[in-house]
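Numbering (my numbering), first residue to last: 54 to 263.
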């Protein structure tokens, strides 16, 4: 069913283009071409179908990536792409980044797992945003990605200090509200351990810290 007006699809296109550096514009365009914008019936993690009039949430995550500001959608709602065979490796990475913003937590986790070996700097904010959310099952994936890309994370955090501070505060709030029952002592919580590790590295002056 072609439910959406062309103006809506144009808006989706613009917003997704703005969520990656300009140098990736052609690749992002090719990814956008296969996204199912023509369907507004989406399936939740509970298997129930929902009708969504807006397939991209109005809220943006605004962060600096090198000399650019990118605007990552807080949530997307369109269904998964079935056939990605024609996409290049970098286009598949872009697709996984986009779906790491999906409203279905299982889809977020599935796609961020596919990004674990990616070292492109523009992938970092997609991992950091997930750190500020309420799914601790994703945290070990983030922790591994940090270990593989310490210098890039330090650079990103130093470029986006206020955003990092807000992200860690949200992580703590989610632990208190949703995950305290699983891990009562905050100091033992994996999210707290990741913060501690990053703070130690940031404060270290030894050349081998990174």
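We put the beta carbon where it would ideally sit given N, CA and C, even for glycine.
Practice task
Kindly indicate the opening and closing residues of the beta strand (DSSP E) around residue 24.
Solution key: Here the chain comprises residues numbered 54 to 263, so residue 24 is not present and cannot be evaluated.
Handout entry: Cutoff 6 angstroms; reference residue 171; Cβ partners in own chain excluding five residues on either side
Key = 146
Practice task
Identify whether residue 109 lies in helix, strand or coil by the three-state DSSP scheme.
Solution key: strand
Practice task
Could you tell me which of 97, 92, 184, 91 sits nearest to residue 247, measuring between CA atoms?
Solution key: 184
Practice task
Give me the Cα-Cα distance between residue 202 and residue 166, rounded to the nearest whole angstrom.
Solution key: 15 angstroms
Handout entry: C-beta atoms of residue 213 and residue 116 nearer than 9 angstroms
Key = yes
Practice task
Out of 128, 96, 228, point me to the one whose CA is closest to residue 109's CA.
Solution key: 128
Handout entry: Cβ pair residue 245, residue 217 closer than 9 angstroms
Key = no
Practice task
Determine the burial state of residue 139: buried for a count of at least 16 other Cβ atoms within 10 Å of its Cβ, exposed for fewer.
Solution key: exposed
Exercise for the section: Could you tell me if residue 32 is buried or exposed, where buried requires 16 or more neighbouring beta carbons within 10 angstroms of its beta carbon? Expected result: Because residue 32 is not part of the residues shown, which for the chain are 54 to 263, the question remains open.
Practice task
Below 7 angstroms CB to CB, which residues in the same chain sit around residue 160 once its five sequence neighbours on both sides are set aside?
Solution key: 133, 152
Practice task
Specify the secondary structure class of residue 102 as computed by DSSP and reduced to three states.
Solution key: strand
Exercise for the section: Please go through the same chain and pick out, in chain order, the residues whose beta-carbon is closer than 6 angstroms to the beta-carbon of residue 209, but skip the five residues on each side of it. Expected result: 177
Problem - Spatial distance of residue 91 from residue 144 (CA atoms) - result: 21 angstroms
Problem - Residues that residue 81 bridges to, as DSSP identifies them - result: BP columns for residue 81 are empty, so no partner.
Handout entry: Boundaries (first-last residue) of the beta strand (DSSP E) holding residue 95
Key = 94 to 96
Exercise for the section: State yes or no: is the C-beta of residue 232 within less than 9 angstroms of the C-beta of residue 187? Expected result: yes
Exercise for the section: Using DSSP bridges, identify the partner residues of residue 129. Expected result: 109, 155
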